[in-house]
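Engineer:
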């Protein structure tokens, strides 16, 4: 709900502070007093196009501030949240128009772009008049309006659920088809790669184990060669043979050496015994170090095969087993692909049939609701001097989606036999406002978050028609805040809050101001609207009668 509107240095307004209330707020005043200026200023703060000439003569800039109540759950909160702007119990919109045409906007004291400002404003105010380019005239919203009028939320929920299932089934089928097509292109590679991997059957950690075994066997081979050479050096062809030759030669000379060789011979005997023990130990060690060279060859062959296959596939050796599993899965998908596609195609066909069935039920409900809406509109149009007009809610086939398969459009023919068309193309300005009023009354529901503004909705009508307009505005104001600019005393009398716009001239400067009228002031204002500048006794009596209802 719009609570306050503060205007500074805009057009004919020097400074103006307005407080609005729930219900029907009416603005009246003589022609040229500046009623449209209020709407221009309100539209400016809501994000409509500003212009340099909006700034009051002599001022550097104009400024408008609007404060709205923002209850929990209000649609504006979602827009603010998406824009990263904190939301409280009230929403403050402020916009400045500089003399050079530059415009700056704030929402709750945060700088905001024009796009964000307009998105927030769309949840706050709906204007029907010269600036009306959305709201009920926006054909994209007609389906949602009809659905709200129809009250078949369960059918809508069923269609959304069926659409989600249909989309999920279609996505699964498309994914399977894409996967199968990709797999078919690499079928030869897959079969060859799986064959290689299955034949080798590499295991995680195997490459490291083989490398360690290979290193051990290579080290053992080098050690055994050295030990074998040492054993040969100790044997009959080496140290043992030389020592026995020395012993034989010394034995032959001992008889002639007068005992001088007994010590060396004894030492040599001991050395031969030690040498024999050493050779025996070396031989035992050599036996312990023996291995099958074929085992090393086998180890190296498998190690190199694993490493080569890992390089070929661009993975770590330990990942070969996982790669084999993935390739087998892809190959299995290829082998079972056609069968899987058939099942997914059947799933999609079932989901499509279920969606179409739910959508058909929704279409029938919409057609029934459209007929009821057209009847309700016909009842509203006659009192509004639109008895020759025919309002039609068209429900036609459209693109399937989460909201069903229908396109909904509100059309009107202003005269019998005339072609029907969109409201804003067929109806004149005054007719359009009354059409929208009738539609708003029919569609009205409690808790409407929008403030509804009607600009001279009574243009070109009077008497009973103007009274009918006033009654419907008052009825609409029971469920939403309504602001109306009017020249009709019948409409003004229906207001729960009355403001008079008046113009004055001081020191060569023209200024517009707005006065909130007390009950006794309302009699004078409505009497002026009836009789003109000269308020007669009869006009006052008529005004009192109108106010009495």
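In full-length UniProt numbering, the protein residues as written are 1 to 549. Cβ coordinates follow ideal geometry from the N, Cα and C atoms, glycine included.
1. Can you check whether the CB of residue 377 is closer than 8 Å to the CB of residue 438?
2. In chain order, what residues of the same chain have a beta carbon less than 6 Å from the beta carbon of residue 370, not counting five sequence neighbours either side?
3. Could you round the C-beta distance between residue 534 and residue 441 to whole angstroms and report it? I think they count as a contact, below 8 Å.
4. Can we count residue 299 as close to the ligand ZN, meaning its CB is less than 7 Å from some heavy atom?
5. Over what stretch of residues does the alpha helix (DSSP H) that includes residue 505 continue unbroken?
6. Nearest-angstrom Cα distance between residue 546 and residue 493?
7. The alpha helix (DSSP H) with residue 60 in it runs from where to where?
8. Ignoring anything shorter than 4 residues, give me the alpha helix (DSSP H) runs that lie fully in the region 505 to 539, in order along the chain.
9. Is residue 453 near residue 125, with beta carbons less than 8 Å apart?
10. Let me make sure I understand the geometry here. Which of 145, 128 and 164 has the alpha-carbon closest to that of residue 350?
11. Taking the beta strand (DSSP E) that residue 390 belongs to, which residues open and close that run?
12. Using beta-carbon positions only, say whether residue 90 and residue 8 come within less than 8 Å of one another.
13. Thinking C-alpha only, which one of 19, 373, 141 and 343 is nearest residue 391?
14. Assign residue 330 to one of two classes, buried (16 or more other C-beta atoms within 10 Å of its C-beta) or exposed (fewer than that).
15. Looking at the secondary structure, which residues open and close the alpha helix (DSSP H) in which residue 306 lies?
16. Could you compute how far the alpha carbon of residue 548 sits from the alpha carbon of residue 521?
17. Output the distance between the C-alpha atoms of residue 131 and residue 536, rounded to the nearest integer angstrom.
18. Given this structure, state the Cα-to-Cα distance separating residue 139 from residue 408, to the nearest angstrom.
19. Are the CB atoms of residue 404 and residue 359 within a distance shorter than 8 Å?
20. Using the Cα positions of residue 271 and residue 281, report the straight-line distance between them to the nearest angstrom.
21. Going by the DSSP bridge assignment, what does residue 86 pair with across the sheet?
22. Near residue 402, which residues of its chain fall below 8 Å by C-beta distance, leaving aside the five closest residues on each side in sequence?
23. So residue 465 is in the alpha helix (DSSP H); what residue range does that whole segment cover?
24. Kindly give me the distance between the Cβ atoms of residue 68 and residue 1, rounded to whole angstroms, as I take these residues to be in contact under 8 Å.
25. Where DSSP assigns a beta bridge to residue 404, which residues make up the other side?
26. Since residue 20 is in the beta strand (DSSP E), which residue starts that stretch and which ends it?
27. At what residues does the beta strand (DSSP E) containing residue 123 begin and finish?
28. What does the alpha-carbon distance come out to for the pair residue 208 and residue 309?
29. When DSSP labels each residue in this structure, what does residue 377 get in the three-state scheme?
30. Do we get a CB-CB distance below 8 Å when we pair residue 218 with the residues of chain C?
31. Quick one: what's residue 6 bridged to in DSSP?
Structural biologist: Checking against the coordinates, here is how it stands:
1. Taking the chain shown and counting its residues from 1, one reaches residue 438 at position 438. Taking the chain shown and counting its residues from 1, one reaches residue 377 at position 377. Result yes, Cβ atoms of residue 438 and residue 377 sit closer than 8 Å.
2. Taking the first residue of the chain shown as 1, we reach residue 370 at position 370. Cβ within range, chain order: 393 and 395.
3. For this step, residue 534 is matched to residue 534 along the chain shown. For this step, residue 441 is matched to residue 441 along the chain shown. Their Cβ separation, rounded to whole angstroms, is 36 Å, which puts residue 534 and residue 441 out of contact at 8 Å.
4. Of the ligands one can find in the structure shown there are none, so the ligand ZN has no counterpart to examine.
5. Walking along the chain shown from the start, residue 505 turns up at place 505. Looking at the DSSP string, residue 505 is not in any alpha helix (DSSP H); the run it does join, the beta strand (DSSP E), is 497 to 506.
6. Looking up residue 546 in the chain shown gives position 546. Looking up residue 493 in the chain shown gives position 493. The straight-line gap from Cα to Cα measures roughly 6 Å.
7. Here residue 60 corresponds to residue number 60 of the chain shown, with the count starting at 1. Unbroken run through residue 60: none, as it is neither H nor E.
8. 519 to 531
9. For the purposes of this step, residue 453 is taken as residue 453 along the chain shown, with counting starting at 1. For the purposes of this step, residue 125 is taken as residue 125 along the chain shown, with counting starting at 1. Closer than 8 Å, so yes.
10. Locating residue 350 in the chain shown gives position 350, counting from the first residue. Among 145, 128 and 164, the Cα nearest to that of residue 350 belongs to 164.
11. As a position in the chain shown, residue 390 is number 390, starting the count at 1. Its beta strand (DSSP E) spans residues 390 to 401.
12. The residue you call residue 90 lines up with position 90 of the chain shown. The residue you call residue 8 lines up with position 8 of the chain shown. Contact: no.
13. Here residue 391 refers to the residue found at position 391 when the chain shown is read from its first residue. Measuring from the Cα of residue 391, the nearest candidate turns out to be 373.
14. As a first step, residue 330 is located in the chain shown; it is residue number 330 there, counting from the start. By the C-beta density criterion, residue 330 is buried, having at least 16 other C-beta atoms within 10 angstroms.
15. Here residue 306 is taken as the residue at index 306 of the chain shown, counted from 1. Where residue 306 is concerned, the enclosing alpha helix (DSSP H) stretches over 293 to 313.
16. Translated into positions along the chain shown, residue 548 becomes position 548. Translated into positions along the chain shown, residue 521 becomes position 521. C-alpha separation (whole angstroms): 14 Å.
17. Taking the first residue of the chain shown as position 1, residue 131 is located at position 131. Taking the first residue of the chain shown as position 1, residue 536 is located at position 536. The pLDDT assigned to residue 131 is 45, lower than 50, so where the model puts this residue is not dependable; a value taken from the coordinates is nonetheless given after this. Straight-line Cα distance between these residues: approximately 37 Å.
18. For this step, residue 139 is matched to residue 139 along the chain shown. For this step, residue 408 is matched to residue 408 along the chain shown. Their Cα atoms are separated by approximately 8 Å.
19. The residue labelled residue 359 in the question sits at position 359 within the chain shown. The residue labelled residue 404 in the question sits at position 404 within the chain shown. Yes. Within cutoff.
20. For this step, residue 271 is matched to residue 271 along the chain shown. For this step, residue 281 is matched to residue 281 along the chain shown. Looking at the two C-alpha atoms, the distance is approximately 15 Å.
21. As a working mapping, residue 86 is identified with position 86 in the chain shown. Per DSSP, none; premise fails for residue 86.
22. Within the chain shown, residue 402 is the residue found at index 402, counting from 1. Result list for residue 402: 159, 160, 163 and 164, in chain order.
23. Reading the chain shown from its first residue, position 465 is the one you call residue 465. Taken as a continuous stretch (DSSP letters only), the alpha helix (DSSP H) holding residue 465 covers 463 to 476.
24. In the chain shown, counting from the first residue as 1, residue 68 sits at position 68. In the chain shown, counting from the first residue as 1, residue 1 sits at position 1. For a cut-off of 8 Å, the C-beta gap from residue 68 to residue 1 is around 6 Å, short enough to register as a contact.
25. On the chain shown, residue 404 is found 404 positions in, with the first residue counted as 1. DSSP lists 401 as partners of residue 404.
26. As a working mapping, residue 20 is identified with position 20 in the chain shown. Unbroken run through residue 20: none, as it is neither H nor E.
27. What you label residue 123 is simply residue 123 of the chain shown in a count that begins at 1. Careful: residue 123 lies outside any beta strand (DSSP E) and carries neither H nor E.
28. Your numbering for residue 208 matches position 208 in the chain shown. Your numbering for residue 309 matches position 309 in the chain shown. Rounded to whole angstroms, residue 208 to residue 309 spans 15 Å at the Cα level.
29. Taking the first residue of the chain shown as position 1, residue 377 is located at position 377. If DSSP states are grouped into helix, strand and coil, residue 377 belongs with the helices.
30. The structure shown contains no chain C, having only a single protein chain.
31. As a first step, residue 6 must be located in the chain shown, where it is residue number 6. According to DSSP, residue 6 bridges with 17 and 65.
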